[in-house]
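Numbering (UniProt numbering), first residue to last: 1 to 141.
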């Protein structure tokens with residue numbers, strides 16, 4: 001069976017918890033992504049920040065993205081999947097939490113990759129992707 005490590009894209013770039021939101025937004029632009037993992041000083045995953053988070057939780061709320069940090073938007077414990085997890089577990093986790101991307105961590109809880117809906121589409125049978133879209137993507141529209 002396929003594991004998370006087989007499907008994930010490696011080299012996920014973190015934004016530091018002390019970096020400002022304008023820096024995070026520029027990194028998203030440069031990488032052409034809509035979300036970045038937030039890593040702490042301990043080099044462990046502390047959350048995920050999305051372009052929508054920056055708009056809704058900072059700009060629309062009257063915040064200053066040159067002063068507000070990524071860590072200020074990291075709320076709760078991030079949903080993750082271990083690298084050796086079966087792809088079915090990955091899908092179940094993403095569907096249960098209705099998320100479009102999930103960080104992949106190693107046994108030391110360090111970020112080793114990300115799985116996005118695009119990664120699933122490239123690596124899974126059409127039927128599985130269709131079920132995922134129905135459960136997660138269509139729900140959020």
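By construction, the Cβ of each residue, glycine as well, lies at the ideal position given by its N, Cα and C atoms.
- Task: Output the distance between the C-alpha atoms of residue 127 and residue 69, rounded to the nearest integer angstrom.
- Result: In the chain shown, counting from the first residue as 1, residue 127 sits at position 127. In the chain shown, counting from the first residue as 1, residue 69 sits at position 69. Roughly 40 angstroms separates the two Cα atoms.
- Query: Just reading off the beta strand (DSSP E) that residue 101 is part of, what are its end residues?
  - Reply: Position 101 of the chain shown holds residue 101. Note, residue 101: beta strand (DSSP E), 101-105.
- Message: So, with DSSP's three-state summary, where would you put residue 73?
- Response: Mapped onto the chain shown, residue 73 falls at position 73. Three-state DSSP puts residue 73 in a helix.
- Test: residue 14 CB closer than 8 angstroms to a CB of chain B: Considering every chain present, this structure includes no chain B. It has just one protein chain.
- Are the stretch 54-66 and the stretch 106-117 in contact at 8 angstroms, needing three or more beta carbon pairs? no
- Task: Report the rounded CA-to-CA distance for residue 85 versus residue 102, giving the unit in angstroms.
- Result: Working through the chain shown from its first residue, we reach residue 85 at position 85. Working through the chain shown from its first residue, we reach residue 102 at position 102. The alpha-carbon atoms of residue 85 and residue 102 are separated by roughly 12 angstroms.
- Exposed or buried, which one is residue 17 when buried takes at least 16 other CB atoms within 10 Å? Position 17 of the chain shown, counting from 1, holds the residue named residue 17. Label assigned to residue 17: buried.
- Item | Check whether residue 74 and residue 115 have beta carbons under 8 angstroms apart | As a first step, residue 74 must be located in the chain shown, where it is residue number 74. As a first step, residue 115 must be located in the chain shown, where it is residue number 115. Contact flag unset, no.
- Message: I'd like to know whether the C-beta atoms of residue 112 and residue 93 end up nearer to each other than 8 angstroms.
- Response: As a position in the chain shown, residue 112 is number 112, starting the count at 1. As a position in the chain shown, residue 93 is number 93, starting the count at 1. For residue 112 and residue 93, no; Cβs fall outside 8 angstroms.
- Pull up the distance between the alpha-carbon of residue 67 and that of residue 23, whole angstroms please. Numbered from 1 along the chain shown, position 67 holds the residue referred to as residue 67. Numbered from 1 along the chain shown, position 23 holds the residue referred to as residue 23. Approximately 10 angstroms, taken between the alpha carbons.
- Message: Which residues does DSSP list as the beta-bridge partners of residue 39?
- Response: On the chain shown, residue 39 is found 39 positions in, with the first residue counted as 1. Looking at the DSSP assignment, residue 39 forms a beta bridge with 16, 45.
- Message: Checking the sheet assignment: what are the DSSP bridge partners for residue 115?
- Response: Within the chain shown, residue 115 is the residue found at index 115, counting from 1. DSSP lists 102 as partners of residue 115.
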